[in-house]
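Worksheet for the structure shown next.
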Amino acid sequence: MNLIQLPWDIQIILWSILEIKDIMHFRQTCRMVNNHISHDKHFWIYILHQKVVSKGLCIPSNLRSIEDVSAQDIESWVKHAILLDRKYNTPDCKLYIRDLNNNRSVTWVKLIRGSWCLAASSDKESSSILLWSLTDNNPDPVAEYHLPGPVIDGIVEDSREYIRFAITVGTSSPYISVHEIFSENGIPIICELSCISDASHVKLLSGSIVGFATKNGDDTYPYIARWDVDRIYRLFSPSSSPISPLPMEPALFMIYWDGYILTYHTSDVKLYSIPGLDEELNDAILLSLMILPNTHADSYATISDFSKFSNGTASISIVIQSDDSRLGFSSITCHPRAEMSDIIIVSDPFWTNPKGLGKAGRDRLIMRYCVGSTGRRASLTIRNLGKLIPNLITTPIRAITSNYAFPDQNKPIPFSRIGLPLPFLVSSMDFDDGWGQIAIGVNSGEISVGSFIEGDVLTKGSYDVELPSSGNTKELTHKLSKSRMYQDIPFFYRNYNELRRLNYSNRLSERTSEVVRNWTRPFELEPIPNWSNDWFLFDEIGFWIHPYPRWGLVDETIDVHNNQILTIRQHIRTIGDVNLVMYNKSNHTHIIFRVGERMYVYKTEMDGDDDYELDEEECFIGILPYTYSQCLNEPHLLYSCIRNKTVLNNLKDIQFGAQELAQPMVAAAFRSELGGLYSRYGKDINLASTREWPDEQWNGLQHS
């Protein structure tokens, strides 16, 4: 009796013992075995689960249903997953690079179905969303939608029936725009479905539900919008902080399922239910609020996986980054119908340490990380504090389950950056770990897609690659943008060179006064004695006129070392608009400002007390225990705060934004080294040609 004549249950035992390379060897040496298993769909389904799924290997998320494919198709899935895993675990693996044509700053990029690249490209003259096909050799975009301003952020939803995305458009008053991508007569088209005015920082897109963190420049509460019926709900919650009457932290991410919304913040998690369309409510209903344990405190978080069950329970896997730049893996289990104390359960994180990625004694800082589309792997750019050139790395994402074993070979592995845009000015990045693709866009306009696998391993027809047809959107009002639009960007960017001179003149002119118009309200708070809101006499104006970055933190308008607004955003964790209220006449570095209704005081020294020394950020920032409206009605409340040492120092121990500041610090270091680069190679050097330079050549500039 030969192998294939054995009962199937015995064959299963034998095949499970063998590695995939041994199975391939059997096929090559025995024609009978080859003919038997090549067309045995049940065999390859078993191998898929045994060698790929159970080991957590990455496979594309847009594979067709297993009922609709052949044995050869499933075999190609297995080969793809195993080859890709081998590439991921090969140190300094060189990628196959595809450069895309673009000449404007890239502010956002997304990979779709392993075959499309969607990106936002912008300068002061024009902005648009561009779509490239990755299945042919054409480097030009196949579709374009023009916008009145740069894209700040965005999120894509691919439901297989449709592909939609929501973006924050950074006009003078930002708004969120919902779009759909489809094909009509074989031509890719991008159309606009809806706009949500005065909204920004989109965190969720699920069907007709859009979640966002900021409205009218205020990030105190997140919001949910039903874009198809023009309904908006505030996600109201009481403050969970003893030092503030209002919530202090914007939502980092949001999840929607079965009428529930979960929002994750740096110190708590909240669960809401959305009112029905027939209910006259403007606020969602808060069901539960859980204070995060200290193990999660002050950490940035991203979703890696989400699943829901028939009883309404949801399970969420998250990746968290601490302020000391460690990555951790945790999970949230949510039982909306359970008793109050058991509604939200958060697991302790499993922490990794990026210092283990480099040589001993070299501190490393994660500049940027991107969770892959399947949630099994992440890509990172890491800065070695002793070197100029950042490194690119992939790392497995640990699943938090009780019986999960973390294989020793699944460690963070560097891959080669050769051929990719220089990592100094990276403004956007996306990673599809199932396809083995990484897209990188930079501030200078370059955009490239790198692949870990050359060519197609997957059989044609075993995955969904085409764009949905227009049939799903015929009843919607399409808006197509075929020509450039006037750029309604903030005054700061339109007149950057003139405003930059305020650093020297220290005075507003009638023309430049437009930059502070958002600081005033119809009912303006009257200055208290020895304080003023006459901005024409304000000596520090040049340091306070920066709006929320429209081109990201690597833009040339960002001075990471001399930017009070950036320092404030880091300390108070805000993505809202920082509006000045008044300044001290005797010392113009002492400021009272607000974000929405929250009031803060900023000082560079403590009045009349030598016991308080400046910290390394050279400032004191405190949140006031009163709202703007309270102070408007009772201005004397400010008196009790501005000299209160406890209030002025109540945010001292809070640090946030390691990830946000790491990339602009690298960009600043790069720009400072350009002088040495030009002196060595001449002003006419083509920076694109330096892509191929080894790390040693770049790091040598720092010491030349």
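Be aware that the sequence shown starts at 1, since it is given in the UniProt record's numbering, and climbs by one per residue. Where a beta carbon is used, it is the ideal one built from N, C-alpha and C, also for glycine. Note that the coordinates shown come from a computational prediction; the quantities given were computed from them, not determined experimentally.
Where residue i and residue j are concerned, what is the direct C-alpha to C-alpha distance, given to the nearest angstrom?
i           : j           : result
residue 485 : residue 150 : 11 Å
residue 231 : residue 225 : 6 Å
residue 244 : residue 227 : 32 Å
residue 514 : residue 213 : 26 Å
residue 391 : residue 418 : 11 Å
residue 164 : residue 191 : 10 Å
residue 430 : residue 95  : 15 Å
residue 292 : residue 286 : 17 Å
residue 306 : residue 439 : 23 Å
residue 342 : residue 295 : 19 Å
residue 777 : residue 74  : Shown here, the chain extends from 1 to 704; a query on residue 777 therefore has no answer.
residue 360 : residue 603 : Caution is warranted here: a pLDDT of 38 is assigned to residue 360, below 50, making its placement in the model unreliable, and the coordinate value is therefore given only provisionally. Rounded to whole angstroms, residue 360 to residue 603 spans 39 Å at the Cα level.
residue 530 : residue 255 : 48 Å
residue 186 : residue 143 : 12 Å
residue 350 : residue 619 : 34 Å
residue 715 : residue 167 : An answer regarding residue 715 cannot be provided, because it is not within the stretch 1 to 704 covered by the chain.
residue 456 : residue 120 : 27 Å
residue 239 : residue 43  : 57 Å
residue 687 : residue 54  : 45 Å
residue 210 : residue 386 : 42 Å
residue 701 : residue 666 : 14 Å
residue 712 : residue 432 : For the chain, the structure presents residues 1 to 704; residue 712 sits outside this window and is missing.
residue 172 : residue 337 : 43 Å
residue 590 : residue 601 : 8 Å
residue 331 : residue 347 : 5 Å
residue 642 : residue 569 : 20 Å
residue 249 : residue 326 : 21 Å
residue 695 : residue 82  : 30 Å
residue 480 : residue 130 : 13 Å
residue 117 : residue 47  : 32 Å
residue 188 : residue 169 : 22 Å
Cα-Cα, which of the options is closest to residue i?
i           : options               : result
residue 630 : 72, 202, 487 and 526  : 526
residue 128 : 146, 140 and 395      : 146
residue 574 : 685, 412 and 598      : 598
residue 448 : 159, 109, 52 and 277  : 109
residue 140 : 177, 98, 173 and 175  : 98
residue 253 : 205, 274 and 229      : 205
residue 468 : 700, 158 and 333      : 158
residue 17  : 43, 42 and 50         : 50
residue 199 : 207, 185, 174 and 178 : 174
residue 39  : 59, 71, 52 and 555    : 71
residue 312 : 283, 344, 290 and 322 : 344
residue 148 : 500, 582, 488 and 272 : 488
residue 181 : 693, 470, 596 and 549 : 470
residue 549 : 41, 107 and 101       : 107
residue 322 : 329, 625 and 300      : 300
residue 586 : 540, 627 and 372      : 540
residue 691 : 555, 416 and 563      : 416
residue 329 : 282, 339, 284 and 378 : 378
residue 698 : 133, 453, 621 and 389 : 389
Please report the Cβ distance between residue i and residue j, rounded to the nearest whole angstrom; I am assuming they are in contact, meaning their Cβ atoms lie under 8 Å.
i           : j           : result
residue 528 : residue 638 : 5 Å
residue 246 : residue 220 : 5 Å
residue 425 : residue 444 : 6 Å
residue 446 : residue 421 : 4 Å
residue 428 : residue 375 : About 20 Å; that fails the 8 Å criterion.
residue 92  : residue 104 : That pair is no contact at about 32 Å.
residue 668 : residue 383 : Contact flag wrong, Cβ pair sits at about 12 Å.
residue 154 : residue 202 : 6 Å
residue 578 : residue 595 : 6 Å
How about residue i: is its C-beta nearer than 8 Å to some C-beta of chain B?
i           : result
residue 463 : The displayed structure is made up of one protein chain only, and chain B is not part of it.
What are the uninterrupted segments assigned as beta strand (DSSP E) that are 3 or more residues long and contained completely in the segment 563-607, given in chain order?
579-584, 591-595 and 598-603
Just checking, does the segment 74-89 make contact with the segment 113-132 on the three C-beta pairs under 8 Å criterion?
no
Does the segment 261-278 come into contact with the segment 641-651, if we say contact requires no fewer than three beta-carbon pairs (one atom in each stretch) closer than 8 Å?
no
I'd like to know if the segment 672-690 and the segment 363-371 are in contact, where contact means that at least 3 CB-CB pairs between them fall below 8 Å.
no
Of all the beta strand (DSSP E) runs that stay within the bounds of the segment 238-310, which reach a length of 3 or more residues?
253-257, 260-264, 268-273, 285-291 and 300-308
Report yes or no: do the segment 58-68 and the segment 450-465 share at least 3 C-beta pairs separated by less than 8 Å?
yes
Quick one: complete beta strand (DSSP E) runs, 3+ long, within the segment 117-156?
127-133 and 143-147
Please go through the segment 326-351 and give each complete beta strand (DSSP E) segment of 3 or more residues, from N-terminal end onward.
327-334 and 344-346
Continuous alpha helix (DSSP H) assignments of at least 4 residues falling wholly in the segment 409-451:
none
Does the segment 558-568 come close enough to the segment 490-498 that 3 or more CB-CB pairs lie under 8 Å?
no
Those runs of the beta strand (DSSP E) which lie wholly inside the segment 41-127 and span at least 3 residues
96-100, 105-112 and 116-122
Considering only residues of the segment 488-559, which uninterrupted alpha helix (DSSP H) runs meet the minimum length of 4 residues and lie entirely inside it, listed in chain order?
491-494, 496-500 and 502-505
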